[in-house]
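Participant:
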């Protein structure tokens, strides 16, 4: 069984325990790396061609506009194929109650028939939002298992939480 951990993460200004903090590495990337260490899976970062604003408040306005207009931001790259992977972990911050639209762009590019999807989400209290049901709509033919919601400010300390989720999920 081969695992892929695909994720979108935001470095720089992030909402963090009620304040804005500048992060050298995004919370979702930290969790993705923990999953990769536990599973031996391959990592793939979703990156947009056009960068979001460095200013956190402007970024969330841009994200809200993308969601309301159902946009699909252009990505820097896609994987050639997902054929070799049985289980695909999909990681993202919760933006406006679901995944960033860049994650939708990535997922809509592939056929997930027969794959197992394990979502994980970082957030500051909004949980998974509607992302699990959105994944079921996009990843037709896949088994979408219950996701893992991690408080973003606790991403670095989430190794035990991730390990317990993996134990019951795979």
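Numbering (my numbering), first residue to last: 1034 to 1203. Built from N, CA and C at the ideal position, the CB exists for glycine as well. Since the model is a prediction, treat every value here as computed from it, not as a measurement.
(1) Based on the DSSP output, what are the partners of residue 1124 in its beta bridges?
(2) DSSP puts residue 1078 in a beta bridge; with which residues?
(3) Which residues does DSSP pair with residue 1049 in a beta bridge?
(4) Give a yes or no on contact between the stretch 1118 to 1138 and the stretch 1065 to 1074, applying the rule of three or more CB pairs nearer than 8 Å.
(5) So is residue 1149 buried or exposed if we call it buried at 16+ other beta carbons inside 10 Å?
(6) Going by the beta-carbon positions, is the gap between residue 1284 and residue 1139 smaller than 8 Å?
(7) Looking at the structure shown, is residue 1072 part of a helix, part of a strand, or coil, going by DSSP?
(8) Taking C-alpha atoms, which residue in 1125, 1051 and 1144 lies nearest to residue 1171?
Facilitator: Per the coordinate set shown:
(1) What you label residue 1124 is simply residue 91 of the chain shown in a count that begins at 1. Answer is 1040 and 1153, bridged to residue 1124.
(2) As a first step, residue 1078 is located in the chain shown; it is residue number 45 there, counting from the start. DSSP output for residue 1078 lists 1040 as bridge partner(s).
(3) Here residue 1049 corresponds to residue number 16 of the chain shown, with the count starting at 1. 1052.
(4) yes
(5) For the purposes of this step, residue 1149 is taken as residue 116 along the chain shown, with counting starting at 1. Buried: at least 16 other Cβ atoms inside 10 Å.
(6) This structure cannot settle anything about residue 1284, because the visible part of the chain is limited to 1034 through 1203.
(7) As a first step, residue 1072 is located in the chain shown; it is residue number 39 there, counting from the start. Helix.
(8) Against the chain shown, residue 1171 aligns to sequence position 138. Cα-wise, what sits closest to residue 1171 is 1144.
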